[in-house]
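Scroll down for the structure; my scribbles are underneath it.
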Amino acid sequence: MSSSHYAISVGVPIYSLAFTGKETVVLGGGGGSSKSGIKNKLIYCRLHPEARTLDRVHEYELPKTEDAPMSMAVSPERPVLVAGINESVDKINAGSNNNLRVFAIKEDSGLEFESARNGISVLAPEFYQKATSFAPDGSMLAIGNTNDQFSIYRYPSLSKVFRCYHFDGQEVIDADFSEDGKLAAGTSDKKVCFFSTETSKIPAEKPDESGDEDEAPKPHVAQTIERPVLQKDVACSFRSGRFGRKATSGLFYTIVNSSAPSTGRKRKRGDRKAFVSIWDLKTWQLIKTRTISQTPVTSFDISPDGSMLAFGTAELAVGVLDAKTLRPRLTILRAHDFAITALRFNTTSDIVVSGSVDSSIRVIPIDATAQASRFTTMQTLLLTLLFLLVAILVQYLADGDLLATARQHLHF
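For the sequence shown, the residue numbers in the working numbering are 27 to 438.
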């Protein structure tokens with residue numbers, strides 16, 4: 027299915043992005059803490075899809091010794107952006123890493139730094155904040171780190187909902203909240219853990235600046251989904267886990283990448299397929315699974331209205347699926363030149379933007395044709411029958427006219 031998508035060079039490798047509105051987006055990228063000469067920054071942009079252009083409203087440059095913004099999220103209730111940005115290697119080695127950064131969003135002027143605090147207890151330069159997510163009502167913030175830590179904070183107090191949960195040495199690669207905020211999900215490559223957030227009702231107004239978790243309750247794991255086993259010699263790993271929204275709020279989506287065993291032969295396309303699965307949150311039963319790519323998925327998102335899923339793959343493609351049927355709505359085969367590292371829907375669910383280390387973004391409007399693909403098989407069948415009935419009726423009327431004409435000629 028076609029789409030009037032287009033690419034724009036932004037000058038820095040992109041590692042994270044988040045929409046603040048229908049056509050306003052923040053891009054996070056740079057050269058990292060290495061001495062590459064590429065500046066690390068947050069770029070506040072305004073998109074113009076019809077003109078296929080982009081305005082840079084504001085650029086917030088970070089100190090050259092700090093890392094690039096590796097994850098970010100925008101509050102659905104406040105003009106606030108939270109990003110995961112490591113401090114310099116020297117500061118981390120000295121015992122300081124205020125990596126959880128909060129920025130105010132000014133619509134006309136851009137981003138203003140508000141505060142920073144430590145969001146990771148193991149201080150080592152190689153660990154960073156990989157997942158950042160707000161609850162739908164903006165009252166909580168979930169953070170997942172590559173050193174296996176998963177934490178939930180109340181917002182804006184930044185006091186902890188419960189003690190830090192450890193994923194047994196696995197990177198936390200995704201974090202999300204259910205539509206009602208009663209569940210939070212943390213995803214590693216081996217499992218998805220669902221946590222009850224009911225303890226968030228306990229009053230806690232003061233931020234936990236010390237990092238002491240003794241007063242916070244222990245996390246309650248309500249359910250766990252283990253990674254699937256397809257075959258004995260095929261390894262599988264989770265890549266993402268997200269709750270449905272609106273019409274799909276009772277569902278949970280997982281992305282699984284498979285990897286063929288190392289047998290000495292040259293790896294072929296299709297050896298590392300990617301799958302999307304739908305889970306029922308009431309019964310915790312698997313509803314449906316579909317292969318969506320012949321190569322691993324690297325980025326994933328669900329639209330705010332819950333109707334679509336978008337993903338980027340290792341072969342540099344971007345795809346959009348119907349969230350209920352998992353049928354493709356559109357596919358862009360060569361969206362970027364290098365790895366797709368970030369991908370998000372806008373707030374009105376009609377634009378997808380992907381970001382890449384090739385220093386570009388691709389803007390993908392979800393046009394009316396793609397929206398029309400929501401028709402179900404039954405709706406399509408009914409339309410077909412309607413067209414057939416109209417055709418029969420037209421033919422019947424035409425035959426009636428011919429018969430009347432013939433009778434006139436016979437009676438002269």
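Beta carbons: idealized from backbone N, C-alpha and C, even for Gly.
Assignment of A273 by DSSP, reduced to helix, strand and coil, places it in the helix class.
Note that the C-beta distance between S285 and A261 is below 8 angstroms.
In the structure shown, N119 adopts helical secondary structure according to DSSP, grouped into three states. Minimum Cα-Cα distance from V83 among the listed residues A94, S135, A120 corresponds to S135. For a cut-off of 8 angstroms, the C-beta gap from R143 to N112 is around 13 angstroms, too long to register as a contact.
Taking all protein chains in view, the Cβ of W305 is crowded by 16 or more other Cβ atoms within 10 Å, so the residue is classified as buried. Judged by DSSP secondary structure, N171 falls within the beta strand (DSSP E) whose first and last residues are 166-171. DSSP links N112 through a beta bridge to no other residue.
Selection S329, D163, L412 evaluated against V379 yields S329 as nearest (Cα-Cα). Per DSSP, reduced to three states, the secondary structure at E92 is coil, with no helix or strand assignment.
Rounded to the nearest angstrom, the Cβ distance from S222 to K208 is 7 angstroms, consistent with a contact under 8 angstroms. Within its own chain, the residues whose Cβ lies closer than 7 angstroms to the Cβ of E138, once the five positions on either side in sequence are excluded, are F129, A130, K132, listed in chain order. Taking the Cα of A336 as reference, the smallest distance to any Cα among T317, R370, R388 is reached at R370. Distances from the alpha-carbon of A248 to those of T351, R316, G212 put G212 closest. Membership of T317 in the beta strand (DSSP E) is indicated by the continuous run 312-319.
DSSP places E224 within a helical segment (H, G or I) once states are collapsed to three. Comparing alpha carbon positions, the residue from L53, S263, G332 closest to G37 is L53. For L356, the enclosing beta strand (DSSP E) stretches over residues 354-358.
Distance from the Cα of A94 is smallest, within the candidate group S60, G55, Q155, for G55. Unbroken beta strand (DSSP E) stretches of 3 residues or longer found wholly inside the region 38-84: 40-45, 50-55, 67-74, given in chain order. For the set D200, K67, T79, A77, the Cα lying nearest the Cα of E85 is the one of K67. Within the DSSP secondary-structure output, R180 pairs in a beta bridge with M166. As computed with DSSP, F160 is found in a beta bridge with L167.
In the DSSP assignment, Y32 falls within the beta strand (DSSP E) that extends over 32-35.
Ranked by Cα distance from K117, the first of P151, S319, M96 is P151. Taking a C-beta distance under 8 angstroms as the contact criterion, G110 and L88 do not qualify as a contact pair. Around the Cβ of Q311, a 10 Å sphere holds fewer than 16 other Cβ atoms; the residue is exposed. Going by beta carbons, G145 and D174 fall outside the 8 angstroms limit. If you check the CB distance, P391 and I377 come in under 8 angstroms. Rounded to whole angstroms, I387 and Y70 show a C-alpha spacing of 13 angstroms. Under the three-state reduction of DSSP, L149 is assigned to coil, being neither helix nor strand.
In this structure, the beta-carbon distance from R189 to S165 does not fall below 8 angstroms.
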